[in-house]
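To keep things clear, I will list the structure first and then write my remarks on it.
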Amino acid sequence: MTTTKSHSNAAAEKDDFWSSVSAISQASRFHKESTENQSKDVDLPGVNLAVNSVDLLVDSRLLLKAGTHYGLVGRNGIGKSTLLKSIGFGKLIGFPRNISTLYIEQLQESETQTFSRTVFETVLSVNVQRCALMDRISLLEEALDINTPAALNKAAYSVISQQANEQAELDNQDAIKRSGKRGMEARNKALQSEANAVAISEQLANAEALPTIEASA
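For reference, each letter of the sequence shown is one residue, going 5 to 221 in my numbering.
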């Protein structure tokens, strides 16, 4: 049985989780090797997992074959759920981006009686990217209902700011993963993305005074 959360709560849970967890795999000098291959299998060497600087996995290998069902067995506190959350929330640096992952949390027994969502609805509700898009749609729809330049501007800049922050996070993950010349290029890109996100955030603070953003045809 699984549990669901609102779009905003799902995003907030992701942010809280990222702030306390470090999940990395062995750095690679090769761009294609780590994050952009098209294989459905996962083979990550040197996986290290820690929560609040407490090591759960050290120099481990994560090997997952497409089409195979896996179960994690072990006592509480050794990192089973943390590993799954790291994968499901996109925290495990080096995990292939061409593979979509979702983390669905288990319900407590007392909650099962009031649970009414279908399996399909449950899976959709924990898709972090979808939740973020739905939140943005709601934000823009609310601004359209108000239908004032100030409201539309603030909503538009909010969406742009969220997208810039997400891109900065992705570029930072790439920078951590890379080494050598590619690492230097990735770090420069990450710094540029971070600066762009900061600049847009500052614009958002004064969005009502900025020129109105108009949708293109």
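The C-beta atom is built at its ideal place from N, Cα and C for all residues, glycine as well. Owing to the predicted nature of the structure, the values given are computational and were not obtained by experimental measurement.
Environment of F99 [buried if 16+ CB atoms lie within 10 Å]: Sequence index remark: in the sequence shown, residue 99 carries index 95 (1-based). It counts as buried.
Beta-bridge pairing of V51 - partner residues as DSSP gives them: Here residue 51 corresponds to residue number 47 of the sequence shown, with the count starting at 1. V51 pairs with S64.
Simplified DSSP assignment, three categories, for S45: Residue mapping note: residue 45 aligns to position 41 of the sequence shown, counting from 1. In the sequence as presented, Ser is not what sits at residue 45; that position holds Asp. Under the three-state reduction of DSSP output, D45 falls in the coil class, being neither helix nor strand.
Assumed close pair Y74, G92 - CB separation to whole angstroms, cut-off 8 Å: As a first step, residue 74 is located in the sequence shown; it is residue number 70 there, counting from the start. As a first step, residue 92 is located in the sequence shown; it is residue number 88 there, counting from the start. So it is not a contact: roughly 14 Å between Cβ atoms.
Exposure label - R224; buried when at least 16 CB within 10 Å: As shown, the chain starts at 5 and ends at 221. That puts residue 224 outside it, with no answer to give.
Neighbourhood of L195 by C-beta, 6 Å cutoff - its chain only, sequence neighbours within 5 removed: One-based indexing of the sequence shown puts residue 195 at position 191. Non-local C-beta neighbours of L195 in its own chain, meaning closer than 6 Å and more than five positions away in sequence, are absent.
Cβ-based burial, R182 [other Cβ within 10 Å; buried from 16]: For the purposes of this step, residue 182 is identified with residue 178 of the sequence shown, where counting begins at 1. Burial call: buried.
DSSP state of K36 mapped onto helix, strand, coil: Mapped onto the sequence shown, residue 36 falls at position 32. In this prediction, K36 scores a pLDDT of 47, lower than 50, which makes its location untrustworthy; no coordinate-derived value is stated.
Nearest-angstrom Cα separation, counted from K89 out to L61: The sequence position of residue 61 within the sequence shown is 57, counting from 1. The sequence position of residue 89 within the sequence shown is 85, counting from 1. The alpha-carbon atoms of L61 and K89 are separated by roughly 14 Å.
DSSP three-state assignment for I82, whether helix, strand or coil: Here residue 82 refers to the residue found at position 78 of the sequence shown. Looking at I82 - three-state DSSP - the assignment turns out to be coil, as it is neither helix nor strand.
Paired residues, beta bridge with I28 - DSSP: Here the question's residue 28 lines up with position 24 in the sequence shown. N52 and I97.
In chain order, each beta strand (DSSP E) run of at least 3 residues that lies wholly inside the stretch 169-203: The qualifying runs do not exist here; there are none.
Contacting residues, own chain, Cβ-Cβ under 8 Å from T225 (five flanking each side not counted): Outside the shown range of the chain (5 to 221) lies residue 225, about which nothing can therefore be said.
Endpoints, the alpha helix (DSSP H) within which G110 is located: On the sequence shown, residue 110 is found 106 positions in, with the first residue counted as 1. The question names Gly, but residue 110 in the sequence shown is Gln. Q110 -> no alpha helix (DSSP H), and no H or E assigned at all.
As assigned by DSSP and simplified to three states, the class of V163: Looking up residue 163 in the sequence shown gives position 159. Residue state, collapsed to three classes: helix.
Anticipated Cβ contact below 8 Å, I97 with Q177, distance rounded: Your numbering for residue 97 matches position 93 in the sequence shown. Your numbering for residue 177 matches position 173 in the sequence shown. Contact flag correct, Cβ pair sits at about 5 Å.
A179 classed as buried or exposed, judged by whether at least 16 other C-beta atoms fall within 10 angstroms: Stepping through the sequence shown from its first residue, residue 179 is reached at position 175. Buried: at least 16 other Cβ atoms inside 10 Å.
Three-way DSSP call (helix, strand, coil) for V123 in this model: By one-based count along the sequence shown, residue 123 stands at place 119. In this structure, V123 counts as helix in the three-state DSSP scheme.
Assigned secondary structure, V58 (DSSP; H/G/I helix, E/B strand, else coil): Position 54 of the sequence shown, counting from 1, holds the residue named residue 58. The three-state secondary structure of V58, taken from DSSP, is strand.
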